[in-house]
Each structure stands twice: as C-alpha cells, then as structure tokens.
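Residue numbers (our numbering): 1449 to 1864.
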C-alpha cells in the first residue's frame, strides 16, 4: 500500500537508477570524443526535454500515460480487509513511460549507446528495490506495498509512436516504451468492520448443509382460485402450493393498495406443501382488485414466525342480476342501469360496466357503497353479456369448469 506520492516515487526511482548506472560501466573502447560521462537523466515532456541552449548527451524519462490495473482494481488488500468487512479497494495503476535518448551535437551514435545502457539497466533490474524507492523521494511509502513494482518493456507500433510524438509537436528521437506495474494508492475511506459473529448455527455447529436444491425456508410457488378461474370471490377457498410450509400458528397475510394494513386470515387446512384458505365474506372490508398474499408460519424449533415470498391474485367483484332497475329516457334515449355489487366499492376505485363490447363508466360514488349507477347513450335495445370491472378485475363471465368453456347464461342484461 502506498500514498499519493507513489507515482512520483516511481519516476524518481527510475531516474536515480539510470543516473547511477548509465555511464558507470561503459566499455573502455567507447571513444572519449562522444563525451558520454556528462549525460544527465531528465524527466521532462518531449517538447521540453531538449532546451535550445543545451546540446549535451541526455536521457529523458517521461510518464505519458496511466491506466488502471485490471487484476487489482477491485481487489481488497490482504491483512487490510478481513472476511465480513467492507473496504474500498486501492487505486491500482499501470504507469507507461517513454525513454528517449539525445546525442551531443545530435550524434545518434551517442544516443544509441545511452539508450542501450538504459535498456540494459532496466533488463537487469526489473524489480524496483525497496531501498531505491525509499531513497528516491522523501515521504513516499511505495516500498511498503505488498506487490513488488515491476518494470517491463512495452512494445508499441510505429504508428502509435508517431502519434505520440505528433501530440507534443516536436521532432522524433530514438525512444522505447516501458510499463511499470503495479502501483497501489491507498483509499483513505474507513473500512466497515462489524462485530464478530458469536455463533454460527445451533450450538455453533456451522452452516447447515441442505442436500436439496430447494431453499429450506417456507416458499410459495402457486395460488389457485377455485374452478380454474383467474380470480376468486369473497366466501371462496384459495389453494396455496409451495414447500416447507409445515409448522404452527399458520395464517395467510393479504395486502392491497386500498388497505392501510394487511389482513391475516387463519388457514382452513394445511400440509407441508399445500394450504387452503377461505376468503371471509366481509363485504365492507375487502375491496375488489389485485392482492398479494404470503403464508406466515412458525416452524418447528423456531421462536418466531416466518413470512414467505408473496404471490399475486385477483379478487373479483360480483353483481346481482337482473339489475335493480334498467330504464330508458323516452326523449333522449339515455339508458340508466342501477345494480347491486359485492364487495362494496370505495370512492377512489375505478369502476365500469362492460355491456357487450362497450365500456360504461360508473357514476361518481363519493362514499363506500354496494349500489352503482351507470348511464349510457346510443345503446340499442337487446340482450347483452355484462361484466363489472373494478380496479382492473372483471366479474366472472366464463364457466371454466366445463370443456369447452362457456359463458354464464345469467350474466346478461336486457336493455329496453
């Protein structure tokens, strides 16, 4: 792990290594006229590396790019984040350097010797030593990180090299690219470390192995209204299928957007895989519409009740036919239908009567009521199949207990 001086520490370490060994062991046969003993190592951008009044031998080390390290970018550091703790991963970086050589009086022979010396040094010392890093830049702690910093040659194409030099709008000099990896800059956000777990399972026996692919918890898989219908009505019995439903204190919890609180209904009969529950015939308490339900059960050996997953079902309205009244205005031809329905309809519920293919909205009902009025014009006389739609759920029109399905003959209204 290292602080924010890590990038500068790598650059300073490379500069120090090259300064120390660049001319220390040159072959004795190198001509003295090349004057290689006074070659400094600089860390300037390419367009500033060669001052106009300085024509000496020179080696330049330039950091031209930083990229995230794919292997460690999202990895917690060992000994910093323990199992069960949440910490922020360090900033893991790869550093890309361009090493360029300049010869005295633009003598490429001298430049080539310097570049060869630099590449030899980096080949012989591919790992930056802790002592070199520590001495290179005061205040850095890159030498303490658990991952060693490795230097490797990075081949780039002539096209990439030319684009790089074009960016700096300066003449190309003989160069080679290196990658330095990995540099880990510590994230200073605090780690979340919850208290240790006292016991794992009963008697600290550890994780319970479940040989089945089914989860060992109460789970609901299906809700079946009676008679193969897509919806149920008050007073009817729902069948609930699932697994691990065995236990005591069994109830079914119903929720609806129109209700402030859920309703718990006792189970009529129950096994580990199937429950039946009868919907109470409470016309004022159960609005028609879509509900979710979930079994609630206290399993053997547990002190609290579990609530399973929720599934949806539709509670259908029912209407009393024939209607209370069906009249037609002799002058305007407007038809008015008044009928009784159950359960009672609440003021905010959207209600309509479907007469054949036509939808007729209910007249406003400012209070909860079991009597609805529908007014329609341009409705021809005749017998129509009708449906009552409350919050998107229709009353029953089709008998699905027979094959093939058939319309209920009594779900008709005669329009005079």
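Ideal Cβ positions, reconstructed from N, Cα and C, are used throughout, including at glycine.
This one's a predicted model, so the numbers in the text were calculated from it and none came from an experiment.
Check: Terminal residues of the alpha helix (DSSP H) in which residue 1467 lies; Outcome: 1454-1469
Check: Residue 1824 and residue 1803 closer than 8 Å at C-beta; Outcome: yes
Check: Reduced DSSP category for residue 1692 - H, G, I as helix; E, B as strand; rest coil; Outcome: coil
Check: Residue 1551 versus residue 1517 - alpha carbon distance; Outcome: 35 Å
Check: Residue 1813 - DSSP class collapsed to helix/strand/coil; Outcome: coil
Check: Within 8 Å, strictly: CB atoms of residue 1857 and residue 1761; Outcome: no
Check: Proximal residues to residue 1513 (C-beta, below 6 Å), its chain only, five neighbours per side dropped; Outcome: 1544
Check: 8 Å contact criterion, which residue 1689 and residue 1650 should meet: CB distance rounded; Outcome: In fact, because the Cβ distance is near 29 Å, the residues do not count as touching under 8 Å.
Check: The region 1635-1650 contacting the region 1567-1578, beta-carbon criterion three pairs below 8 Å; Outcome: no
Check: Per-residue DSSP class, three states only, for residue 1818; Outcome: strand
Check: Burial state of residue 1675 (16 or more Cβ within 10 Å); Outcome: exposed
Check: For residue 1450, the three-state DSSP class (helix, strand or coil); Outcome: strand
Check: For residue 1581, three-class secondary structure by DSSP; Outcome: helix
Check: Span separating the alpha-carbon of residue 1837 from that of residue 1807; Outcome: 9 Å
Check: Through-space distance from residue 1669 to residue 1752, alpha-carbon basis; Outcome: 22 Å
Check: CB of residue 1737 within 8 Å of CB of residue 1839, strictly; Outcome: yes
Check: Contact check, residue 1501 vs residue 1558, beta carbons under 8 Å; Outcome: no
Check: Uninterrupted alpha helix (DSSP H) stretches inside the region 1584-1671 (no shorter than 4 residues); Outcome: 1606-1615
Check: Rounded separation between residue 1540 and residue 1591 - CA only; Outcome: 15 Å
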